[in-house]
Structure formats: structure tokens, C-alpha cells
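See structure below.
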Amino acid sequence: MRPSAHAHKHTDSSDIDSYSRRTLIYLILTLNHIYPDYDFSLLRAHHFKKEDGVEAVEEAIDGHLLEVSKVWDNTPSVGEAPFLDSIWTALDEAIVLKDCDVYSYKSDLETDPFGEDGNVWAFNFFFYNKKMKRIAYFSCRGISKTVGGNVGPEDSGFTYTSDGDEEAVTRYGMANEMDL
Numbered sequence: 032m033r034p035s036a037h038a039h040k041h042t043d044s045s046d047i048d049s050y051s052r053r054t055l056i057y058l059i060l061t062l063n064h065i066y067p068d069y070d071f072s073l074l075r076a077h078h079f080k081k082e083d084g085v086e087a088v089e090e091a092i093d094g095h096l097l098e099v100s101k102v103w104d105n106t107p108s109v110g111e112a113p114f115l116d117s118i119w120t121a122l123d124e125a126i127v128l129k130d131c132d133v134y135s136y137k138s139d140l141e142t143d144p145f146g147e148d149g150n151v152w153a154f155n156f157f158f159y160n161k162k163m164k165r166i167a168y169f170s171c172r173g174i175s176k177t178v179g180g181n182v183g184p185e186d187s188g189f190t191y192t193s194d195g196d197e198e199a200v201t202r203y204g205m206a207n208e209m210d211l
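Note that the sequence shown ends on residue 211 in the numbering used here; no numbers are left out.
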């Protein structure tokens, strides 16, 4: 008996193969567009994972960006809303998070920008809203100060004037509170 041409191979529920070859192509094209100096055309389904939902991804991202959030909250005139709330509100307005499938990219750390010297951690998430035909790519990485060029707060280019002392100008870099 000949196997049916429509028979499906059993795959892990988080394997992107079980969802759509078209989705895989969209994710790879997104990476190629965002990082033109790198070639992602050899990536395969095992480089991506469909996440369990927006809530789980939000928790993971919030954990990585907690220190940035603290700096944001302590920097006068940066924003009215807390940092993490601002990010999630902007993403929701752009792509309607409740209607998204979320995929993560698992870097091989050799052929892409996430394996560069000094990279301590990174996350790469794709929020894909099929109804809207949109993908929002959210990526961030932590770079060690010892390898990242030793840029101090005075070199960051960010300044603000303290409300308490009009003449005191303090330079502020987003990584000031993080010692990696």
C-alpha cells in the first residue's frame, strides 16, 4: 500500500513545521530585511519555535528588561507611563497582541548578529497577526560592558537637567544600572 500524498509527519506541537511553510518564509524574510549584512536563507524550522502565547512571552521579555525599566522610571521627562507598559501598549496598537501567534528565533550564535563578542543574552520574538498580515519583530540583547566598548555614561549622549538643581546636568546611559 502506497502512503498518501497528504499524510502528515508527526511533529512536536511547538515545531513551526506543523503550522506553515509560508510562516517560516515570512520569519526568515523578516530577519533578512532587518539584518541585511547577514544571510538567514539557510535557516530551517528547527531554528524557530511557536510560543505558548503572548502572556508567557511578555513575562520573559519583562524579566530581561526589568533593569531598563528601573532606569526609565528614574529618568525625569522620559515618559509618562512606565517603560514596560509603554512597550506593550505600542505593540498592541500596532499589531493587536490578542490576535497574534508568537514565534521565537533560536540563534546558532555563529552566523547571525546575536553571537557577536560580548553578547550576554538576547531574545528574538515575532508577533504574527495573520488577519492583519503583519509581523512585529521584537529583539533585544545585553552586551557586556567589558567587551561592548566600555562606553560610560559621559559618552552615551543622553543628558537631562535635574528638576532639583537647574545647573546640574547629569549624563545618563540606559545601561547605567546594569553591571553585566
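Positions of the beta carbon are idealized from the N, C-alpha and C atoms, including for glycine.
Because the structure is a prediction, the values reported are computed rather than measured.
Contacts around residue i, its chain only, beta-carbon distance under 6 angstroms, and the 5 residues preceding and following it disregarded
i, result
"residue 51", "none"
"residue 77", "none"
"residue 62", "71"
Sub-7 angstroms separation of residue i and residue j beta-carbons
i, j, result
"residue 73", "residue 59", "no"
"residue 237", "residue 178", "The displayed coordinates of the chain run from 32 to 211. Any statement about residue 237 would go beyond what the structure contains."
"residue 131", "residue 105", "no"
Whole-Å CB distance - residue i paired with residue j, under 8 angstroms assumed
i, j, result
"residue 144", "residue 57", "Actually they are not in contact, since the Cβ atoms of residue 144 and residue 57 sit about 19 angstroms apart, beyond 8 angstroms."
"residue 140", "residue 146", "3 angstroms"
Best match in the options for proximity to residue i [C-alpha to C-alpha]
i, options, result
"residue 69", "155, 167, 142, 158", "142"
"residue 81", "147, 169, 154, 135", "135"
"residue 137", "148, 126, 157", "157"
"residue 129", "61, 55, 83", "83"
"residue 125", "167, 98, 176", "167"
"residue 89", "106, 103, 116", "116"
"residue 102", "114, 91, 93, 92", "114"
"residue 127", "111, 99, 164, 104", "164"
Own chain residues within Cβ distance below 7 angstroms of residue i, not counting five before or after
i, result
"residue 95", "152, 154, 171"
Residues of its chain near residue i, where Cβ-Cβ distance is below 8 angstroms and the 5 sequence neighbours each way are ignored
i, result
"residue 64", "none"
"residue 243", "Outside the modelled stretch of the chain, which goes from 32 to 211, sits residue 243, for which no answer is possible."
"residue 91", "154"
"residue 120", "112"
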